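Before any comments, here is the structure.
Protein chains: 4
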Amino acid sequence: MIKAAVLGATGYAGIELVRILSNHPEVELRVLGSHSFAGKKIDEVYKNFTHILDLDCEELDLDKVSECDIAFTALPHGASKTVIPSLIERGLKVIDLSGDFRYDDVKVYEEWYGEKHSSPELLMESVYGMPELYRDKIKNARLIGNPGCYTTCSILGAVPLLKSGLAKTDNIIVDALSGVTGAGRGLALGYHFCECTENAKAYKVTNHRHTSEIEQEYSNAAGVPVMISFTPHLIPMKRGILATIYVNLNRESSAEELTDLYKKFYENEFFVRVRDTGDLPETKHVAGSNFVDIGVCYDKRLQRAVIVSALDNIVKGAAGQAVQNMNILFGLNEKTGLKNAGFYL
Amino acid sequence: MIKAAVLGATGYAGIELVRILSNHPEVELRVLGSHSFAGKKIDEVYKNFTHILDLDCEELDLDKVSECDIAFTALPHGASKTVIPSLIERGLKVIDLSGDFRYDDVKVYEEWYGEKHSSPELLMESVYGMPELYRDKIKNARLIGNPGCYTTCSILGAVPLLKSGLAKTDNIIVDALSGVTGAGRGLALGYHFCECTENAKAYKVTNHRHTSEIEQEYSNAAGVPVMISFTPHLIPMKRGILATIYVNLNRESSAEELTDLYKKFYENEFFVRVRDTGDLPETKHVAGSNFVDIGVCYDKRLQRAVIVSALDNIVKGAAGQAVQNMNILFGLNEKTGLKNAGFYL
Amino acid sequence: MIKAAVLGATGYAGIELVRILSNHPEVELRVLGSHSFAGKKIDEVYKNFTHILDLDCEELDLDKVSECDIAFTALPHGASKTVIPSLIERGLKVIDLSGDFRYDDVKVYEEWYGEKHSSPELLMESVYGMPELYRDKIKNARLIGNPGCYTTCSILGAVPLLKSGLAKTDNIIVDALSGVTGAGRGLALGYHFCECTENAKAYKVTNHRHTSEIEQEYSNAAGVPVMISFTPHLIPMKRGILATIYVNLNRESSAEELTDLYKKFYENEFFVRVRDTGDLPETKHVAGSNFVDIGVCYDKRLQRAVIVSALDNIVKGAAGQAVQNMNILFGLNEKTGLKNAGFYL
Amino acid sequence: MIKAAVLGATGYAGIELVRILSNHPEVELRVLGSHSFAGKKIDEVYKNFTHILDLDCEELDLDKVSECDIAFTALPHGASKTVIPSLIERGLKVIDLSGDFRYDDVKVYEEWYGEKHSSPELLMESVYGMPELYRDKIKNARLIGNPGCYTTCSILGAVPLLKSGLAKTDNIIVDALSGVTGAGRGLALGYHFCECTENAKAYKVTNHRHTSEIEQEYSNAAGVPVMISFTPHLIPMKRGILATIYVNLNRESSAEELTDLYKKFYENEFFVRVRDTGDLPETKHVAGSNFVDIGVCYDKRLQRAVIVSALDNIVKGAAGQAVQNMNILFGLNEKTGLKNAGFYL
């Protein structure tokens, strides 16, 4: 059994990790770190866990965490910086769910996050935890920067096209919708039920941090620097991200050709479901599961591909992908603990 | 492996059965019966099943179903009547999710359902599938009448009090709220998103059929005939039932005494979670799981117990309880395939 | 033109007052009091008011408020206590939306609110602002205690029966559902969108303060002291209260007889709509309007009336009723500014 | 008083017209046409109208409609074709809410709607009912093609930029979100509450009819033919459209410069609210009102404007704009009956 710690266990990504890991046949949950709820039982904080998980939330105790094989850090931005080097030093595998270890270039991080990076060497060592792109590197990593929610959806939705050479890279636009769990459990007026229900809004237009993470991977895939417009929107649902991606092509194509391209690219990927031509993803199809669904359209009037991709922001966009990474790290079947169909209802 | 058929697989209770059974380690799903979608793959009808379950929906074929060990019938009221006797005859275990096989007395059925019962002998033989009350009988049954959603919530919420002798039985009121999956997948104006969201209503006041089913079990528990007011309400959510139950007591008591009574009554029941005094159930705590949560209050001004119980109407109120019954029928651990924490989010 | 001040203008009841008054043909809004947003324009706080209302939020300035004819106080519980006597002294009419001036008996207030009342003489003078019951007293009042949301719904739903002499008064139960605006705009985990949507819960079972306010008016109507069970529930919608009221009768009756009784009782009341037998209210029918809808059922098995009533908690349950009271106070047609159909959608 | 008929009164756009007109001080509603509910009172179909509007729904009777001054046709696509010429002939003003009379060029209509136009001469005569662009023509029109919901939002959001000469016209993308009322009241599985809530999806990608209507007005504004990508999305709310519009610029600019441009363009338009730089529209700010809110952003990395616009699809996107057009047609103040703040809650 893999002994696991979840640090930041009572946020929405953290508790989804706990939910998945508590059902994982090869994992023993040992430590639930939570500053806000230290001393409380996890099932006092999330009452769905009564009769399921009998663990206390606790303040960070590095010695105790060190008895684990792996730590998932779902800590507030910044808090993870001091903890992670200590855990690595003590020999744990670390999967970090913050934005701190996702970048190839420390300058990009510092520009978009507006601060110095505290462990640039670890950043250089860390592996970007997107199995569909970096499975081999993940296998031997000590530290994984688990991708963002918007970014996973946006990257998996466009990489096949960018790698194919069909894409023009100068007018790519990613327009994305997110459920409210993406904003976390913190209190703010904008997430009050009465302010949030029956409301749609765009936010951080032109300057959301995930832009830089998407651009990094788009550039890697295209082999040239790519800059994009990325616009996130908040809509009144809990789970789910839907990204609509516009890419001009450098020659005529068809929905069928593009769909084939995607199907081939992902033919060995269990968690990516490329839909048939004319069939489009919906967040309901992926909610509660680790799947990404992708539908590919082609606008022949404009010689433009329009790709729609959907995932559950706290599963494939956070906790599920983290567990997928853990499975790879420990040589397990990648689907272990993640092979379920989603709720639908 | 238990070979299983789900007849009526594409309704909401049916597809939840499929979802649970597709993750059940001891079950092999063999047949998905669906008149409306016969010939389609299940993952065309519910796209969350792509990469998970590769089965076609099909018209009823008794010979094919007969190769199974068990059939779950989630058919429209009436449709199950002719099918079930044939299945029983061919040696299958049958768990029926309709109201047809839940009654001790055929007259009660005929009065509340307004029609003759087609198989009164089978009704007499059938066992009411509430494991917490009838586990021993379930073990050897051929045919199980799986309880209704409102009824499971109402019965488990009051039986300990009714059996204790503390309850006066003449002014019991059950006021219950249900999510919209309870109404099924059929189209009707009242379930259109725009009519349903931001709306609450009572319906079938004084005459909902579940009244009779609750009264049967309340009477069995109390040892005297009990008549109640039962009022169902539709509220704008998908999953969940919350029942608030008012019972006058024949002597003074306290919330603590009553909570103890409930905790003892259910001390060996994994799927019933009696909350501590002052802690009340919410549908969010049980959604997606097979748990029933119960909170007990006492109004000393009125010498009245007020009990609140919550469950997921399509899990413990339908598909989950059916799988729990199947586990008992086949000698499995009752929790098999059902031991998960609920979604919360 | 009536010059009006709204103190506590940026809470949910306050802003609904502003919305209604900004469309009222006989009112000029002069002062918007808001401690939290003092110095901001109202349309920075509620952006729906841009191009509609060009007023600043301001800290309480008694001299400025004194230039008005009327003040609506929608202040946090307690804050209104010192302000209101000063306003009365300066000759304003005051309509208070808190619980402070709704009681006949200061002892009842002090028992249920757990503190001394600061102005018992004003409490004695104040009039309970339910026009359907106390229109004549309201006309000449200086201070009106505007009724609570649950209470308006519960009282108007039962008073005709209680006054008729048909009701037994010892087993009355009021089970009520509320939208989340009822909880106000303050931040708390329970009102976070992700915690609130897809969730139903009961709260303050056996001890909600509105119990005492309902009991007061039930007792007044029945002519004997009445004690009830009142259970509030929070459900995932913004606006609306639905109350289901159970009353045993002292002789046989029928839905038709009871409906007639209600129709006669309210025949001159524009804002009360008694539905025909078999037709039940829904919150969608009243949302955004000042109407209360009432449906009356009869359970002949139990000789029990079951009444369902619905209103919009921030209109007839707060701001709308306050404006109705203002219209009466100033001799206007009671419907002025309130004669609209509700949103439905 | 203007005597008005609403044909198709019981659909969602129709009933919103009835709601607005029943509060309009210069209008007398005479005829409510509804094939589906002919013979029923309007307040049986929409119970919010009890005590407000005492009119029957009726089958189309041209003679009776002819006694009106104006007819609003909110009929299913096609049904309006035969009715409208008759009404025009009899001297009524007609405001048509379908797509039939919105086009400058019959060929564009026929290509996107896939059928011959039945009254091409009337199409040539009809005026596109967007007051902000065509107020003068509207004044004297007999027949107004009331703009679509997505189109109003998309057009008003981009026209100032297109007219300014700053816009490059070859990579314009409009990504839009709609509430479910946009789909109408008809029953379909996709609009069942349980399928719709907690779900987001794109639909009709690359081929939605509104594309052609937007392109027509973008071309008119730019003075050159413009082709765009338009992607509609369905999200779980009732009312509201939010459009995010991407336009490359032909020189460097700034958010301030662009915002100024918009503010000047709309300085005399009551119903268009251009937000200050950095302030973005939300559908909650416009729901229930006739306002369009616009926020302008600039991405200096990409020399690209990103404009966000929001409106209520059944008010400014349908019924409200129709009433605005009627006010112009009859020489009334354009705000009459439309000057309210929106619900917010």
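Residue numbers (the working numbering), protein chains in the order written: chain A, 1 to 345; chain B, 346 to 690; chain C, 691 to 1035; chain D, 1036 to 1380.
All residues carry an ideal CB built from backbone N, CA and C; glycine is no exception.
Computed from a predicted model, the values in this text were never measured in an experiment.
Beta-carbon proximity of residue i to residue j, cut-off 8 angstroms
i: C:F883; j: A:F330; result: no
i: A:E269; j: A:E132; result: yes
i: C:L1092; j: C:L719; result: Past the edges of chain C, shown from 691 to 1035, lies residue 1092 of chain C, and the structure says nothing about it.
i: D:P1155; j: D:L1296; result: no
i: B:A664; j: B:I365; result: yes
i: B:N670; j: B:G356; result: no
i: C:T896; j: C:I918; result: no
i: B:G633; j: B:D657; result: yes
i: A:V83; j: A:L7; result: yes
i: B:N491; j: B:Q648; result: no
i: A:I241; j: A:G317; result: yes
i: A:R428; j: A:K93; result: Summary: the structure shown does not reach residue 428 of chain A, with chain A confined to residues 1 through 345, and so no result is reported for it.
i: A:R239; j: B:T395; result: no
Cα-Cα separation, residue i to residue j
i: B:V660; j: A:V108; result: 48 angstroms
i: C:L852; j: B:Y563; result: 30 angstroms
i: B:L467; j: B:D449; result: 11 angstroms
i: C:D790; j: A:H77; result: 45 angstroms
i: A:V359; j: B:L377; result: Here chain A comprises residues numbered 1 to 345, so residue 359 of chain A is not present and cannot be evaluated.
i: B:F382; j: B:A358; result: 16 angstroms
i: A:L60; j: C:C886; result: 30 angstroms
i: A:V127; j: A:R275; result: 29 angstroms
For residue i, three-class secondary structure by DSSP
i: A:V106; result: helix
i: B:N593; result: strand
i: A:C149; result: helix
i: A:S289; result: coil
i: A:K47; result: helix
i: B:G359; result: helix
i: D:D1068; result: The residue asked about is misnamed: residue 1068 of chain D is Gly in this sequence, not Asp. Reduced to three states, the DSSP call for D:G1068 is strand.
i: A:R90; result: coil
i: C:D969; result: coil
i: A:L133; result: helix
Own chain residues within Cβ distance below 8 angstroms of residue i, not counting five before or after
i: B:A600; result: T622, G623, V641, C642, Y643
i: C:K990; result: E942, S944
i: C:Y881; result: V870, A873
Residues of its chain near residue i, where Cβ-Cβ distance is below 6 angstroms and the 5 sequence neighbours each way are ignored
i: D:D1210; result: T1266, T1279
i: B:S499; result: V519, I559, A588
i: D:V1141; result: H1152, P1155, L1158
Supposed contact pair residue j and residue i - C-beta distance, whole angstroms, cut 8 angstroms
i: D:S1069; j: D:A1039; result: The Cβ separation is near 15 angstroms, so there is no contact.
i: D:S1121; j: D:L1097; result: 6 angstroms
i: C:S788; j: C:S770; result: 5 angstroms
i: A:L177; j: D:L1212; result: 7 angstroms
i: C:V916; j: C:T841; result: That pair is no contact at about 13 angstroms.
i: B:K630; j: B:A650; result: It should be pointed out that residue 630 of chain B corresponds to His in this sequence rather than to Lys. Actually they are not in contact, since the Cβ atoms of B:H630 and B:A650 sit about 21 angstroms apart, beyond 8 angstroms.
i: B:H578; j: B:A545; result: 6 angstroms
Own chain, CB closer than 7 angstroms to residue i, minus 5 neighbours either side, in chain order
i: A:N333; result: N327
i: D:N1058; result: G1372
i: B:G502; result: A588, I590, I639, I652, S654
i: A:V45; result: T10, F37, C57
i: C:H898; result: F920, P922
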